[in-house]
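Protein chains in written order, with this note's numbering: chain C, 200 to 513; chain Y, 17 to 321.
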């Protein structure tokens, strides 16, 4: 099949990016700063709490972790539910023992179904990040704007009612967005979102409804990517996290503040055979000097408070 | 469609003319950073989808962007510390999008060759004039940005037509990285002019190693060392070529760059390694090896027929 003549037209071949969301910003050209409390390296633990319906549509694609077999896929449904019942409570206890706080990216369906979990997360001082309604209601270009807005509204209203926290951050289910998602979030007072994986420091993201801070939230260092998709061992996962930490710490000396974002999934790292590894890993991270365990909201405030917070014109 | 691409004859890895690299080196070693631009919303090509998810696939798009924003600098500095110049497989539109990266490479004496205009514009389905247009655009764009005349080609996203190799030779390019049949360069059959295949690799390529083979950062370092050890051993008899193709959006992560740099240092700390660029390998080959190899290929073709 031949291609039309305009296949070789490049209307966005220009300096910077091929979209208008954010400017081109080479990472290592950033001014060297510390975090406001003098820390160099912020560690952001971001735990996902997700609800995978037993009867997913799978549209426009199946979210990672979705049902696999013919209906009813009890094995995957209950495996995922295990994380919200058992795995997360192991993790909450560990975080409390270590005296560290982080963020919990929560589907509003989890909040509606398990109010005690929301209360327990909040009581320990963790931050709630909005994570959409559930793992089968994805944000994507095929959604009409009112339908997508309704998803955002339902999520935010449910999380507010369940937690009493005004949610400031957003992670889309499966990191899937429509072209309008960021604007819908900005219009509703969301201050940062975590879907883009192109940077290791926050940056300003422009939308017609105002700016959001794009917060780094690692894809390649996530437990899902390394333990499930790459099938590396627990020791190999922990090694990579430590390697990342040490590399970032060495860069801090010359380049200033850094963020190590560590996405955690209770049904993955909360399993008994993996949990010992997680405990040792987080103990190790918490014992390192100059490391600040921050929530996403704390990172946002610290970034906004710095003199060159990146509020440059897009 | 052809049953065989018809680009080269069978040429067993035995009793070939000896390849001699400068200084008696056993291995010609080069590193190929792919500096790519993937468009968020490229025009459709019926033969290939640009992204696994529907528009806008912000996960895949931003993952690629990470390479240019963050990972590139880690990769470049690791190469600097090991004394390795890059031979860049370039989405040439990067000269417009991120000229800062191009200047950094030019200052280091890196080579730039073409990997198409964007890695989201595929050659599948192009007619001859379209394929000529991307070659001419590549020559013009890289010359304006770097002063260099491109010597090599790696097709955008490895998408080809039946006439790609003929056109590369017609435009005077020296080598193609698109063929994986050998660990030594080899003359390629083209309609007119000359072209050689330059050993690249789809195995030692970080995309394949990390993504398909699911190698840990340390396992990738081990793969690189073992690849080198074999080619170094065989290089005592006749020169071999080893290439490490890289993508900063993968190797440039903080947890990967350290083990990669250790592997790179392992290679460059050996005696008898020609740490070079693809262009320099090709130029040396045309001057010192091409005729002997071509004669051997002719001789073998004669005995077969």
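Note that the Cβ used here is the ideal one computed from N, Cα and C, for glycine as well.
For a cutoff of 9 Å on Cβ pairs, would you count residue i as touching chain Y?
i, result
"residue 348/C", "no"
"residue 226/C", "yes"
"residue 456/C", "no"
"residue 391/C", "no"
"residue 512/C", "The predicted model places residue 512/C with a pLDDT of 34, which falls under 50 and marks its position as unreliable; any figure quoted below should be read in that light. Not closer than 9 Å to any Cβ of chain Y, the Cβ of residue 512/C fails to qualify, so no."
"residue 375/C", "yes"
"residue 471/C", "no"
"residue 414/C", "no"
Alpha helix (DSSP H) containing residue i: first to last residue?
i, result
"residue 467/C", "465-468"
"residue 256/Y", "It is not in any alpha helix (DSSP H) - residue 256/Y instead sits in the beta strand (DSSP E) that spans 256-263."
"residue 441/C", "433-454"
"residue 193/Y", "No alpha helix (DSSP H) contains residue 193/Y, which DSSP labels as neither H nor E."
"residue 110/Y", "110-113"
"residue 502/C", "495-504"
"residue 375/C", "Here residue 375/C belongs to no alpha helix (DSSP H), and DSSP marks it neither H nor E."
"residue 395/C", "From DSSP, residue 395/C is part of no alpha helix (DSSP H); its letter is neither H nor E."
"residue 295/C", "287-297"
Any beta-carbon of chain C closer than 9 Å to the one on residue i?
i, result
"residue 321/Y", "For residue 321/Y, the predicted model reports a pLDDT of 47, less than 50, meaning its position is unreliable; a value from the coordinates is still stated below. No, residue 321/Y does not count as interfacial toward chain C."
"residue 274/Y", "yes"
"residue 153/Y", "yes"
"residue 142/Y", "yes"
"residue 74/Y", "yes"
"residue 254/Y", "no"
"residue 222/Y", "no"
"residue 65/Y", "no"
"residue 234/Y", "yes"
"residue 49/Y", "no"
"residue 249/Y", "no"
"residue 301/Y", "no"
"residue 59/Y", "yes"
"residue 117/Y", "yes"
"residue 21/Y", "no"
"residue 184/Y", "no"
"residue 282/Y", "no"
"residue 187/Y", "no"
"residue 53/Y", "yes"
Using beta-carbon positions only, say whether residue i and residue j come within less than 9 Å of one another.
i, j, result
"residue 293/Y", "residue 22/Y", "no"
"residue 279/C", "residue 250/C", "yes"
"residue 235/C", "residue 254/C", "no"
"residue 398/C", "residue 413/C", "yes"
"residue 358/C", "residue 307/C", "yes"
"residue 496/C", "residue 298/C", "no"
"residue 493/C", "residue 223/C", "no"
"residue 89/Y", "residue 54/Y", "no"
"residue 137/Y", "residue 206/C", "yes"
"residue 213/Y", "residue 177/Y", "no"
"residue 266/Y", "residue 95/Y", "no"
"residue 154/Y", "residue 135/Y", "no"
"residue 240/Y", "residue 283/Y", "yes"
Report the option in the options whose CA atom is closest to the CA atom of residue i.
i, options, result
"residue 468/C", "408/C, 396/C and 291/C", "291/C"
"residue 41/Y", "255/Y, 70/Y, 249/Y and 79/Y", "255/Y"
"residue 216/Y", "166/Y, 87/Y and 298/Y", "298/Y"
"residue 245/Y", "131/Y, 285/Y and 266/Y", "285/Y"
"residue 456/C", "434/C, 440/C and 400/C", "400/C"
"residue 227/C", "223/Y, 182/Y, 120/Y and 72/Y", "120/Y"
"residue 34/Y", "180/Y, 310/Y and 116/Y", "310/Y"
"residue 440/C", "449/C, 421/C and 474/C", "421/C"
"residue 73/Y", "450/C, 391/C, 447/C and 377/C", "377/C"
"residue 44/Y", "171/Y, 301/Y, 147/Y and 164/Y", "301/Y"
"residue 198/Y", "60/Y, 24/Y and 19/Y", "24/Y"
"residue 363/C", "325/C, 477/C, 390/C and 396/C", "325/C"
"residue 181/Y", "234/Y, 207/Y and 166/Y", "207/Y"
Grab the span of the beta strand (DSSP E) containing residue i for me, first residue to last.
i, result
"residue 402/C", "402-406"
"residue 240/C", "240-248"
"residue 47/Y", "43-51"
"residue 409/C", "409-413"
"residue 523/C", "This structure gives no information on residue 523/C, because the portion of chain C shown stretches from 200 to 513."
- Message: Please identify, using Cβ separations under 8 Å, the residues of the stretch 211-224 of chain C that lie next to chain Y, in order along the chain.
- Response: Correct list: 211, 212, 213, 214, 215, 216, 217, 218, 223 and 224.
- Quick one: which residues of the stretch 322-351 of chain C get their C-beta closer than 8 Å to a C-beta of chain Y? List them in chain order. Listed by position along the chain: 339, 340 and 341.
- Query: What residues in the stretch 71-105 of chain Y have a beta carbon less than 9 Å from any beta carbon of chain D?
  - Reply: Note that chain D does not occur in the displayed structure, where the protein chains are C and Y.
- Message: Closer than 8 Å between beta carbons: that is the criterion. Which residues of the stretch 282-315 of chain C meet it against chain Y?
- Response: Listed by position along the chain: nothing, the set is empty.
- May I ask you to list, following chain order, the residues of the stretch 383-407 of chain C that have a beta carbon less than 7 Å from some beta carbon of chain Y? Of all residues in the stretch 383-407 of chain C, only 394, 395, 396, 397, 398 and 399 come within less than 7 Å of chain Y when Cβ atoms are compared, listed by chain position.
- Query: What residues in the stretch 482-495 of chain C have a beta carbon less than 7 Å from any beta carbon of chain Y?
  - Reply: Of all residues in the stretch 482-495 of chain C, none comes within less than 7 Å of chain Y when Cβ atoms are compared.
- Item | Residues from the stretch 421-440 of chain C in contact with chain Y, defined by Cβ distance under 8 Å | Those residues of the stretch 421-440 of chain C placed with their C-beta closer than 8 Å to a C-beta in chain Y are 428, 429, 430, 431, 435, 438, 439 and 440, ordered along the chain.
- Residues of the stretch 254-276 of chain C with a CB closer than 7 Å to any CB of chain Y: list them in chain order, please. For the stretch 254-276 of chain C, which is checked against every Cβ of chain Y, the residues closer than 7 Å are 259 and 260.
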